[in-house]
Amino acid sequence: MSCYFISDLHLETERPDITRAFLRWCQNLPSSTQSLYILGDFFEVWVGDDYQNDLIQSVKKQLRALSDRGIELAIMHGNRDFLLGHDFTQQTGSRMLEDPTVETILGKRVLLMHGDSLCTRDLEYMQFRQQIRDPDWQADFLTKPLPERLAIAQQLRQASQQKSADKQTYLMDVTPDAVVDIMSEHQVDTLIHGHTHRPNKHSLQVNDQPCTRWVLGDWDQQLWVLNFDGQSFSKQVIPLEQFD
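Counting in this note's numbering, the sequence shown runs from 3 upward without gaps.
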């Protein structure tokens with residue numbers, strides 16, 4: 003059996019190559035696949051489950067095909083697609099994970115996160131995150147007409163890109179103490195997250211015990227996948243051009 007972990011695909015109409023690669027990658031998942039975990043920023047933007055286009059329809063159709071094969075699908079909100087909702091999970095046969103969540107995967111307890119909540123040194127972002135994750139803010143946003151929601155999302159996206167360009171690098175990475183604290187709180191020796199676009203395997207000590215933090219990579223010129231077979235984790239980095 004195998005379980006796969008991905009994040010930060012940032013699917014959008016401007017990058018049909020990434021969507022095409024994801025669809026074909028899904029079609030090639032082996033029969034031994036037990037589950038697929040998508041840990042946030044699956045879509046570049048999500049303004050509500052009522053918004054549809056060809057990209058969204060094709061992705062939902064592929065996810066439903068995986069679910070119909072008996073593959074368990076679990077999705078976590080990211081900082082881009084935090085409005086993914088009940089309709090999406092119902093239509094795709096997936097379940098939504100809280101952030102953070104501890105899952106027992108093939109007998110191993112693993113802490114799963116998107117990763118943005120660990121970037122505690124970026125105080126401006128943490129305040130913004132608190133605002134957009136507030137249920138009242140989200141409910142109010144979803145009452146707005148779709149064109150208005152799309153316009154607001156575009157404004158937020160542009161502002162985020164500008165702020166990221168101006169920020170010091172360390173602010174956009176996780177805070178080491180925050181990692182230790184969350185792993186200690188949940189009593190796990192393995193953490194998997196995305197968000198930072200800095201794929202790596204980090205070894206650390208938590209309560210004098212050896213632990214591992216896997217950072218998932220984003221999908222751009224390559225596909226970045228983490229696999230767990232019940233014994234060990236292994237990464238797969240696949241050139242995007244392989245799916246042309």
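Even for Gly, the Cβ is constructed at its ideal location relative to N, Cα and C.
What residue from Thr214, His195, Lys110 has the CA that sits closest to Gln233's CA? Closest option to Gln233, Cα to Cα, is Lys110.
Sheet register partners of Ser205 (DSSP bridge): Paired residues: Thr214.
Measure the C-alpha to C-alpha separation of Leu148 and Lys63 and round it to an integer number of angstroms. For Leu148 and Lys63, the distance between alpha carbons rounds to 23 Å.
Per the contact definition of three or more C-beta pairs closer than 8 Å, is the stretch 21–35 in contact with the stretch 119–134? With a cut-off of 8 Å, the stretch 21–35 and the stretch 119–134 do not count as touching, because too few Cβ pairs lie within range.
Taking the straight line between their C-alpha atoms, what separation do you get for Phe45 and Gln160? So the two alpha carbons sit approximately 16 Å from each other.
Does Tyr127 come out as helix, strand or coil in the three-state DSSP assignment? When secondary structure is reduced to three states using DSSP, Tyr127 falls in the helix class.
Counterpart residues of Lys237 in DSSP-defined beta bridges: According to DSSP, Lys237 bridges with Leu228.
At what residue ranges does the stretch 66–145 contain a whole run of the beta strand (DSSP E), taking only runs of 3 or more? Listed in chain order, they are 74–78, 96–99, 103–107, 110–114.
Alpha carbon of Asp175 to alpha carbon of Thr198, nearest angstrom: One C-alpha to the other measures close to 6 Å.
Keeping to the same chain, check which residues put their C-beta closer than 7 Å to that of Leu38; ignore five residues upstream and five downstream. Short of 7 Å from the beta carbon of Leu38, and not among the five residues preceding or following it, lie these beta carbons of its own chain, in chain order: Tyr6, Leu68, Ile73, Leu75.
Segments assigned beta strand (DSSP E), at least 3 residues, entirely inside the stretch 34–59: 35–41, all fully within the stretch 34–59.
Rank Leu193, Phe84, Arg97, Asp43 by C-alpha distance to the C-alpha of Gln133 and give the top, closest one. Per the C-alpha coordinates, the member of Leu193, Phe84, Arg97, Asp43 positioned closest to Gln133 is Phe84.
What is the DSSP secondary structure of Ser186, counted as helix, strand or coil? When DSSP states are grouped into helix, strand and coil, Ser186 belongs to the helix group.
Look up Cys5 in the DSSP assignment and give the residues it is bridged to. Looking at the DSSP output, Cys5 sits in a beta bridge with Ser37, Phe230.
Is it right to say Pro102 is buried, meaning 16 or more other beta carbons lie within 10 angstroms of its own, or is it exposed? That one is buried.
In angstroms with no decimal places, state the Cα-to-Cα distance between Leu120 and Gln207. The straight-line gap from Cα to Cα measures roughly 17 Å.
Taking Thr21 as part of the alpha helix (DSSP H), name the residues at either end of that continuous run. Note, Thr21: alpha helix (DSSP H), 18–29.
Sufficient close CB pairs (3 or more, under 8 Å) joining the stretch 208–216 to the stretch 175–187: Under the Cβ criterion (8 Å, minimum of three pairs), the stretch 208–216 counts as touching the stretch 175–187.
Does the beta-carbon distance from Gly196 to Leu218 come in below 8 Å? Cβ distance < 8 Å, so Gly196 and Leu218 count as in contact.
Leu173 - containing beta strand (DSSP E), residue span: Careful: Leu173 lies outside any beta strand (DSSP E) and carries neither H nor E.
Using CA atoms only, rank isn't needed, just tell me which of Ile58, Val104, His204 is closest to Leu86. The shortest Cα separation from Leu86 among Ile58, Val104, His204 belongs to Ile58.
Following the continuous beta strand (DSSP E) through Leu193, name the residue where it begins and the one where it ends. Boundaries of the beta strand (DSSP E) harbouring Leu193: 192–195, taken from the DSSP string.
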